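Enquirer: Numbering (our numbering), first residue to last: -8 to 68.
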Amino acid sequence: MFCHISLNWKGIPLVDIETILQLIGAVSTKTGLKVIAKKEEKEYESGIKISDEEMEELNLFKHKFHSEWNYTIKPNL
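Laid out in structure tokens, this is it:
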């Protein structure tokens, strides 16, 4: 998804949220993928810490390449 989004906005300054939403929302592929983007109005609390125990409970699979960025979280069954 990100490769299509970044190709769409290359060279365009991301000056405000409206510009970003328009650029993301204009993404589509030859196979029919269309992206919808909208601003989340809810404010979320910052600084929430997750304990090591909570992290261990996640069904998290780190990828071999850049595992600090690339991982999959699957539902716990």
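Built from N, CA and C at the ideal position, the CB exists for glycine as well.
For clarity, every value in this text was computed on a predicted model and none was experimentally measured.
#1: Please go through the same chain and pick out, in chain order, the residues whose beta-carbon is closer than 8 Å to the beta-carbon of THR63, but skip the five residues on each side of it.
#2: On a CA-only basis, which of ASN61, TRP60, ILE27 is nearest ALA17? Give me that one, please.
#3: Just how far apart, CA to CA, sit ILE3 and GLU44?
#4: By the three-class DSSP mapping on this structure, what secondary structure does THR63 have?
#5: My assumption, with CB atoms under 8 Å, is that LEU14 sits in contact with ASN(-1). Please give the rounded CB distance.
Expert: Taking the definition as stated:
#1: LEU51, PHE52, HIS54
#2: ILE27
#3: 43 Å
#4: strand
#5: 6 Å
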